Amino acid sequence: MIHLLKEVARGKRGARDLTYGESLEAAEKILSLEATPAQIGAFFIAERIKMESVEELEAFVAVCRKHTYRPPVQRGLDCAGPYDGRRKSFMATIPVSFVLAAAGLPVTLHGSASLPPKWGITLQDVFAAAGISADRLSKEDSLRAAERTGLLYVQAEDWCPPLKRLRPIREELGMRTVLNTAEKLIDYAHSPYLAFGVYHNTVFDRLGRLLTSLEYKKALIIQGAEGSEDLHIDRPTRTYLVENGEAHLRVIDPDAYGLETPVPESEWTAADQLRVAEEVLRGQSEAAYLHQTVLNAAVRLTLADKAESVEQGLYTAKAVLDSGDAFARYEEWKSTLLRP
């Protein structure tokens with residue numbers, strides 16, 4: 001590991017990107033904990049200063065996938081949001097996922113307990129508020145619920161054990177590492193479509209090349225709320241569509257569909273997130289959250305070739321919500337996981 005550290009930790013000017021082969025070696029030593037905690041921390045910090053190359057990111061994704069339980073159970077959409085959670089924005093991806101499942105598009109959600117740097121509320125926190133305890137949720141439970149409802153929820157640190165072993169180092173460092181990107185691209189269910197959230201649009205090009213290398217059929221990189229995969233509803237959102245080896249910038253403006261709505265300022269708790277998600281699925285929420293759910297569902301249906309246009313996707317999403325099918329799908333998913 002030391003010879004690899006010497007290459008990436010020479011400072012901003014002297015450091016060089018590792019080759020793909022070298023990156024695989026580094027990733028294997030880190031994820032297997034063959035490297036020492038000091039070496040792992042030093043590597044993470046050096047990469048953060050240098051900025052990870054596409055080859056380095058691809059190697060870490062490959063090794064993460066190698067150490068992960070990845071059953072090919074769904075050929076749908078992977079929604080990759082921030083594992084460090086949310087603080088000031090609604091997790092529209094939760095009700096959106098049940099709308100999509102009810103519309104015939106299988107969805108995979110994944111995450112863990114909160115991580116640095118944000119230490120926000122995570123999917124795990126929200127589902128725990130619904131009574132779905134992380135320490136009692138097995139892979140078999142998740143797969144059974146996915147088979148019945150089309151929604152697969154993955155607890156990342158159970159399905160990819162190295163992430164759990166590396167958590168203490170990441171918590172102690174308190175900053176983003178290469179794993180903050182790699183863990184979101186493990187692709188637990190072999191999904192051909194991806195909605196991937198980012199915080200800064202400066203990473204669009206690099207991630208576009210990475211997703212091309214990872215051979216998704218289509219992927220949408222979204223500069224969403226708090227770095228999530230959720231499009232804004234109160235202003236346009238910059239996105240990057242990756243398809244057929246090419247990437248194109250697309251700005252999605254809710255006003256173009258008559259959906260732009262001011263969003264109330266709020267400091268969210270897990271209980272608040274759950275309550276509003278359920279209100280959306282019942283059709284009883286504030287307009288901002290309902291509109292955000294419908295727009296995000298429409299764009300994701302279009303991405304996954306389940307709608308020919310965003311307009312058609314809006315019609316489908318509204319119909320699924322109005323019929324109660326999305327809420328029924330959520331109730332079935334929850335009851336399956338809570339069943340003794």
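Counting from 1, one number per residue, gives the positions in the sequence shown under UniProt numbering. From the three backbone atoms N, C-alpha and C, an ideal C-beta is built for every residue, glycine too. Since the model is a prediction, treat every value here as computed from it, not as a measurement.
- Message: Spatial neighbours of ARG176 within its chain, please: C-beta separation below 7 Å, excluding the five flanking residues on both sides.
- Response: Residue 176 sits at position 176 when you count from the first residue of the sequence shown. Taking C-beta separations shorter than 7 Å and ignoring five residues to either side along the sequence, the partners of ARG176 in its chain run ARG48 and PRO117, following chain order.
- Same chain, Cβ closer than 6 Å to LEU259, five either side skipped, listed in chain order: The count along the sequence shown starts at 1 and reaches residue 259 at position 259. Contacts found: HIS291 and LEU295.
- For ALA304 and GLY111, believed in contact at Cβ under 8 Å, the rounded distance: Along the sequence shown, read from residue 1 onward, the residue named residue 111 stands at position 111. Along the sequence shown, read from residue 1 onward, the residue named residue 304 stands at position 304. Contact doesn't hold; Cβ gap of about 20 Å is too wide.
- Quick one, which of HIS190, ALA113 and ILE121 has its alpha-carbon nearest ASP135's? Position 135 of the sequence shown, counted from the first residue, corresponds to residue 135. For the residues HIS190, ALA113 and ILE121, the minimum Cα distance to ASP135 belongs to ALA113.
- Go through the stretch 179-247 residue by residue and report every complete run of the beta strand (DSSP E) that reaches 3 residues or more, in order. The stretch 179-247 contains these whole beta strand (DSSP E) runs: 193-197, 218-222 and 237-243.
- Item | Runs of alpha helix (DSSP H) lying entirely within the stretch 32-114, each at least 4 residues, in chain order | 37-50, 54-66 and 93-102
- Check each candidate in ILE252, TYR216, CYS79 and TYR257 and name the one with the smallest Cα separation from GLU243. Working through the sequence shown from its first residue, we reach residue 243 at position 243. Comparing Cα positions, the closest option is TYR216.
- Can you pull the DSSP bridge partners for ARG250? Translated into positions along the sequence shown, residue 250 becomes position 250. Per DSSP, THR239.
- Give a yes or no on whether the C-beta atoms belonging to ARG65 and ILE186 are separated by under 9 Å. As a working mapping, residue 65 is identified with position 65 in the sequence shown. As a working mapping, residue 186 is identified with position 186 in the sequence shown. Judged by beta-carbon spacing, ILE186 lies within the 9 Å limit of ARG65, meaning their Cβ atoms are closer than that value.
- Item | Per-residue burial, ALA38 [other beta carbons within 10 Å of its own, 16 or more giving buried] | Start at 1 with the first residue of the sequence shown, and residue 38 comes out as number 38. The residue in question, ALA38, is exposed, as its Cβ has fewer than 16 Cβ neighbours within 10 Å.
- For GLU147, count neighbouring Cβ atoms within 10 angstroms of its own Cβ and tell me buried if that reaches 16, exposed if not. Numbered from 1 along the sequence shown, position 147 holds the residue referred to as residue 147. Exposed, because fewer than 16 other Cβ atoms sit within 10 Å of the Cβ of GLU147.
- Item | Nonlocal neighbours in the same chain, by C-beta distance under 7 Å from PRO340, ignoring five residues either side | For this step, residue 340 is matched to residue 340 along the sequence shown. Hits under 7 Å: none found.
- Environment of HIS232 [buried if 16+ CB atoms lie within 10 Å]: Locating residue 232 in the sequence shown gives position 232, where the first residue counts as 1. So HIS232 ends up on the buried side.
- Query: Thinking C-alpha only, which one of GLU172, TYR240, VAL178 and ALA80 is nearest VAL63?
  - Reply: In the sequence shown, counting from the first residue as 1, residue 63 sits at position 63. The option with the nearest alpha carbon to VAL63 is VAL178.
- What does a CB cutoff of less than 8 Å around ALA80 pick up in its chain, not counting 5 residues either side in sequence? For the purposes of this step, residue 80 is taken as the residue at position 80 of the sequence shown. Closer than 8 Å at Cβ, skipping near neighbours: HIS110, LYS184, LEU185, LEU194, ALA195, PHE196, GLY197 and GLU229.
- Query: How would you write the range of the beta strand (DSSP E) that GLN155 sits in, first residue to last?
  - Reply: Taking the sequence shown and counting its residues from 1, one reaches residue 155 at position 155. 151-155 is the extent of the beta strand (DSSP E) around GLN155.
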